[in-house]
Each structure stands twice: as structure tokens, then as C-alpha cells.
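Numbering (this note's numbering), first residue to last: 17 to 187.
Please read the structure below before turning to the comments.
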């Protein structure tokens, strides 16, 4: 991964992976408590439109690389190594040309989409998914989760997608 690739990842996703959640947000921006210090009023602004941050309390800002250099107190090389070890969904979603998709023969047909009702599917879900309550930075959270192959937990809710504990990375 290079800086251009890392900076194309949603900073919102990076912040969530670190356990930082917005105190308020809308389509254009999100406000967070300072991730570098303790504060009671949010002074860290994320501009979602340009994927850039600004910390009003210190008068600094930038892109994902700038943020993680300060957050980890690390070099660019170390930041990119850190990013390589995280599965960011926005980096995984590579754009595919519509023209290529149009040339493929359609081999499926969606018959119906509905809420999960079938007893076998519900049994399968409850076998693997659990409601997990956890604490980060003196705040309580909860989500739906499942245990991964490394013994950690993949947890999702409306606001975050994180892994607690170990995460297996394939070379």
C-alpha cells in the first residue's frame, strides 16, 4: 500500500477501527473528541467530502497519512505498514468497469429479497452471531459479532466495524 491508496480510504473508517466515534455528524462532516488528548468538547472535525481532518484545538490537519503519523508517532513507512495490517473495506472495494460487467452473461436471477424468516437461516445466524457488549476508552458499546479464526471478534453495528483481539492476515 502506498500513501495515495491509504489516503483514499475513508478516514471515518480509520477512526472507527481505532475506537473513535463521532459525537455529532451529518452527510458533510463528523465531529470527534480529540484523539490525541482528553477533552470534553469535540474539536476534531472530519470533512467527509474531501476526506480530510482538522483539529481546531491545535490548528493542524491533513489526510490519513498525516493523522496516523501523529496518532502512532511514526514514520510514513511505519504508517503504511500499519495500514497493510488492517482490512479497510473501502480499500478492498476496487472499482470494476461497467463495460466489463455488461459483457458478462447473466447467470443468476434474484427472485425475492425479504427479511430473514426461514427457521434454518435464523438457526444458522444465532449459531454464529452473538450480541457483544464491550468497553473502549471508558465508553460502553455493543454490536453483532462473531469469533474469527484467530480468536478475536469481528463486531459490527450501525456506526462501526471493528475487530477486538487478534485478526488473521493472509500474505
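A virtual CB, placed ideally from N, CA and C, is assigned to each residue, including glycine.
All figures in this text were calculated on a predicted structure; none of them were measured in a lab.
*Return the CA-CA distance between residue 89 and residue 50, expressed in angstroms with no decimal places.*
So the two alpha carbons sit approximately 15 angstroms from each other.
*Check whether the region 32-40 touches the region 90-100, taking contact to mean three or more Cβ pairs, one atom from each stretch, closer than 8 angstroms.*
No: the two stretches stay apart, fewer than three of their Cβ pairs being nearer than 8 angstroms.
*Measuring alpha carbon to alpha carbon, tell me which of 135, 58, 160 and 99 ends up nearest residue 147.*
Distances from the CA of residue 147 to each of 135, 58, 160 and 99 were compared; the closest alpha carbon is that of 160.
*Reference residue 17, options 57, 124, 103 and 53, closest by Cα*: Taking only the C-alpha atoms, the option nearest residue 17 is 103.
*Would you mind working out which of 149, 139 and 154 sits nearest residue 169, comparing C-alpha positions?*
Taking only the C-alpha atoms, the option nearest residue 169 is 149.
*asked:* If distances are taken between C-alpha atoms only, which option among 70, 174 and 180 comes closest to residue 62?
replied: For residue 62, the closest of 70, 174 and 180 by C-alpha to C-alpha distance is 70.
_residue 64 in three-state terms, based on DSSP_ = Three-state DSSP puts residue 64 in coil, outside helix and strand.
*asked:* Since residue 48 and residue 54 should fall inside the 8 angstroms C-beta cutoff, what is the C-beta to C-beta distance between them, to a whole number of angstroms?
replied: Not really, about 13 angstroms apart at Cβ, beyond 8 angstroms.
*For residue 45, which beta-bridge partners are listed by DSSP?*
Beta-bridge pairing links residue 45 to 63.
*asked:* Closest to residue 68 by C-alpha separation, out of 74, 28 and 19, would be which residue?
replied: Closest option to residue 68, Cα to Cα, is 28.
*Quickly, what does DSSP pair residue 152 with across the bridge? List them, please.*
Beta-bridge pairing links residue 152 to 155.
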